[in-house]
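Visitor: Residue numbers (the working numbering), protein chains in the order written: chain A, 12 to 263; chain B, 12 to 263. Where is the CB? At the ideal position from N, CA and C, for every residue including glycine. As the structure is a computational prediction, the values presented were derived from the model and not from experiment.
There are 2 protein chains.
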Amino acid sequence: MKHIHSAKNPQIKQWKKLLTKKERDKTGTFLVEGFHLVEEALSGDQIIEIIISENKDMPPSWDYGSIPVTMVTDEIITELSDTEAPQGVLAVCRQQEGSPNISSGKRFLLVDAVQDPGNLGTMIRTADAAGIDAVLVGEGSVDIYNPKVLRSAQGSHFHLPIIRGNLFEWVDELKTAQIPVYGTALENAKEYTEIQRQGKSALIVGNEGSGVNKDLLDLTTANLYIPIFGKSESLNVAVATGILLYHLGNEK
Amino acid sequence: MKHIHSAKNPQIKQWKKLLTKKERDKTGTFLVEGFHLVEEALSGDQIIEIIISENKDMPPSWDYGSIPVTMVTDEIITELSDTEAPQGVLAVCRQQEGSPNISSGKRFLLVDAVQDPGNLGTMIRTADAAGIDAVLVGEGSVDIYNPKVLRSAQGSHFHLPIIRGNLFEWVDELKTAQIPVYGTALENAKEYTEIQRQGKSALIVGNEGSGVNKDLLDLTTANLYIPIFGKSESLNVAVATGILLYHLGNEK
Chain A
12 MKHIHSAKNP QIKQWKKLLT KKERDKTGTF LVEGFHLVEE ALSGDQIIEI IISENKDMPP
72 SWDYGSIPVT MVTDEIITEL SDTEAPQGVL AVCRQQEGSP NISSGKRFLL VDAVQDPGNL
132 GTMIRTADAA GIDAVLVGEG SVDIYNPKVL RSAQGSHFHL PIIRGNLFEW VDELKTAQIP
192 VYGTALENAK EYTEIQRQGK SALIVGNEGS GVNKDLLDLT TANLYIPIFG KSESLNVAVA
252 TGILLYHLGN EK
Chain B
12 MKHIHSAKNP QIKQWKKLLT KKERDKTGTF LVEGFHLVEE ALSGDQIIEI IISENKDMPP
72 SWDYGSIPVT MVTDEIITEL SDTEAPQGVL AVCRQQEGSP NISSGKRFLL VDAVQDPGNL
132 GTMIRTADAA GIDAVLVGEG SVDIYNPKVL RSAQGSHFHL PIIRGNLFEW VDELKTAQIP
192 VYGTALENAK EYTEIQRQGK SALIVGNEGS GVNKDLLDLT TANLYIPIFG KSESLNVAVA
252 TGILLYHLGN EK
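1. Considering just the uninterrupted stretch of the alpha helix (DSSP H) at Y257 (chain B), what are its terminal residues?
2. Please decide whether Y193 (chain A) counts as near chain B, where near means a Cβ-Cβ distance under 7 Å.
3. Which residue wins for smallest C-alpha separation from G241 (chain A), given the options B:L259, B:I61 and B:T137?
4. Along the segment 237-251 of chain A, where does the CB come closer than 9 Å to a CB of chain B? Name the residues.
5. Between B:Q107, B:I254 and B:I61, which lies nearest to T204 (chain B) when the distance is taken from Cα to Cα?
6. Quick one: which unbroken alpha helix (DSSP H) runs of 4-plus residues sit fully inside the segment 182-240 of chain A? Chain order, please.
7. Is T40 (chain A) helix, strand or coil when you go by DSSP?
8. For G55 (chain B), I'd like the list of residues in its chain whose CB is within less than 7 Å of its CB, leaving aside the five on either flank, ordered along the chain.
9. Is it a yes or a no for the segment 81-98 of chain A touching the segment 60-73 of chain A, going by three-plus beta-carbon pairs under 8 Å?
10. Of all Cβ atoms in chain D, is any one closer than 7 Å to the Cβ of G210 (chain B)?
11. In three-state DSSP terms, what is I173 (chain A)?
12. Show which residues of chain A have a CB atom less than 7 Å away from the CB atom of G129 (chain B).
13. Taking A145 (chain A) as part of the alpha helix (DSSP H), name the residues at either end of that continuous run.
14. Considering Cα atoms alone, identify which of A:E95, A:A145, A:I237 and A:G132 is closest to E202 (chain A).
15. Using a C-beta cutoff of 7 Å, does H14 (chain B) count as contacting chain A?
16. Along chain B, in chain order, which residues have C-beta atoms closer than 9 Å to that of A213 (chain A)?
17. Just how far apart, CA to CA, sit V243 (chain B) and A164 (chain A)?
18. Output needed for F46 (chain A): all residues of its chain with C-beta closer than 8 Å, excluding positions within five of it in sequence on either side, in chain order.
19. For K13 (chain A), list the residues DSSP reports as bridge partners.
20. Quickly, what does DSSP pair D123 (chain A) with across the bridge? List them, please.
21. Measure the alpha-carbon distance for I155 (chain B) versus G109 (chain B) and round it to whole angstroms.
22. Reducing DSSP to helix, strand and coil, say where V153 (chain A) ends up.
23. Which of the three DSSP states, helix, strand or coil, is assigned to S163 (chain B)?
24. Assess contact between the segment 112-124 of chain A and the segment 175-188 of chain A, defined as three or more Cβ pairs (one per stretch) separated by less than 8 Å. Is contact present?
25. Determine the closest residue to M12 (chain A) out of A:L91, A:I78 and A:T94, with distance taken between C-alpha atoms.
26. Can the beta-carbon of G190 (chain B) be found closer than 7 Å to that of K211 (chain B)?
27. Just to confirm my understanding: we take G166 (chain B), look at its own chain, exclude 5 residues before and 5 after, and list those with CB closer than 7 Å. What are they?
28. Check the Cβ of Q165 (chain B) against every Cβ in chain A and list those closer than 9 Å, keeping chain order.
29. Between the segment 143-155 of chain A and the segment 26-38 of chain B, do three or more beta carbon pairs fall short of 8 Å?
30. What residues from chain B crowd round T187 (chain A), counting only those whose CB sits closer than 9 Å?
31. Would Y156 (chain B) count as contacting chain A if we go by Cβ distances under 7 Å?
32. Taking the CB atoms as reference points, tell me whether G217 (chain A) and D123 (chain A) lie closer together than 7 Å.
33. For P21 (chain B), count neighbouring C-beta atoms within 10 Å of its own C-beta (all shown protein chains included) and say buried if the count is 16 or more, exposed if not.
34. Tell me which residues share the same chain as T89 (chain A) and place their Cβ nearer than 8 Å to its Cβ, disregarding the 5 neighbours each side in the sequence.
35. What does I143 (chain A) reach in chain B if we use C-beta pairs closer than 8 Å?
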């Protein structure tokens, strides 16, 4: 096992750069942090290497095979960590590549310009729970590999494809594949309960303030709204996503 | 209009103490921050006074009548603020008192030991949207007047009763009032879709890690679970609350 003591070590500097989106995209990698997320990474095929504090033990249940492990000081862990109380373990992982396989899937979530990392992470976790086949994240959203997105998603990045790209192209592909596409909107929209559960569907949810891009809404099969029975102006976007995905989705 | 320049002014020190739960409870008051929340406070009857930066203007649409307004420096605003980029306006408000009127209400949300302020605030906002009559918050939950709870709830504290107390007593009262009480649990529970929409219901949701207290679950009419179709271990508690409240609730 390699052991690095100096924060000035070039390897440490390289890892630290992964706290920026620019470096994550340049290298096609990202960092996950904490025992739960590293364990989730180990269950998939995206993990490249593990970084652990010299004061922590690798859990005996972890089957890390030939995955390289580097031991570092707690000071280095703090340098690499995005949290206030680091757990002492991180992993470098490969970003997912390629396009979603729309023709083989049934249910999709499309995310348009969601800004808050906690919201996006919770939406990814919710999509995983609801049995969605892939989450398609358009331009203008927070980075899917932002550390707070990863934490809020609680490992779901390793459970289903989370893919960045152009939502207009995907809506086209979904419609070509005969999958109904539902936008979310307040105007010219149907109450969501008017739509029955169905085998295949795609849902588009949008920005916390401005909602889904109007040009996208023009392309959908129908647009849906969730009624507000009280005095709040709207629902949180992750909560709305949960209500709609569970309503549209999975037949038993 | 009063104008305070010194952060050492005793009034400022007193307001600053409202950043602690202890002082909020001692005085029966709390602080809200930002133009949206102060405007929501103005629409209710809990507002006591307004504090505004000398570099900001009171929006002309605000009807603050005889509510005292104090002008302060930006340094003082920063002292009183819980956010990194304060908007420059705060209000001192009275906490809600008394018991929920269970016999006149139809739908209730009971919250058992939810720790994360963003979750609790989002749940309060969701309960408001779903047309819930009151949110009952048991011991062991984060303070309902925590600044992050207030921000996430986006003003719903001024729309419906949010009341702290003993959940066991409330479950008793709800059952006496013939209102079915549904817990949330993973074991000995029904899939939530087995329960039909109904006129009256109370829902208990619980701690992010351990769920609802087992002794409470023993007292319910039935306990419900939301199926997980994918690989995530669970749903975020605010998302689960949204799915269940919208399923149980409001008939058109």
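Guide: Result, derived from the coordinates:
1. V248 to L259
2. no
3. B:T137
4. I237, P238, I239, F240, G241, K242, S243, E244, S245, L246, N247, A249, V250 and A251
5. B:I254
6. 225-228
7. strand
8. F169
9. yes
10. Looking for chain D here will not work: the only protein chains present are A and B.
11. strand
12. Below the 7 Å Cβ cutoff, chain A contributes G129 as neighbours of G129 (chain B), in chain order.
13. Here A145 (chain A) belongs to no alpha helix (DSSP H); instead the beta strand (DSSP E) covers A145 to V148.
14. A:I237
15. So no, H14 (chain B) is outside the interface.
16. Residues of chain B passing the Cβ test: none, with the nearest at roughly 16 Å.
17. For clarity, residue 243 (chain B) is Ser in the given sequence; the question names Val instead. Near 9 Å, if we compare the C-alpha coordinates of A164 (chain A) and S243 (chain B).
18. P70, Q98 and V100
19. A:T81
20. A:G217
21. 15 Å
22. coil
23. helix
24. As far as the Cβ criterion goes, the segment 112-124 of chain A touches the segment 175-188 of chain A, which means the pair count is three or higher.
25. A:I78
26. For the sequence presented, residue 190 (chain B) should be read as Ile rather than Gly. Yes, Cβ-Cβ distance for I190 (chain B) and K211 (chain B) is below 7 Å.
27. H47, L48 and E51
28. S243, E244, S245 and N247
29. no
30. Here the premise fails: no neighbours, minimum Cβ distance about 25 Å.
31. no
32. yes
33. exposed
34. P97
35. G241
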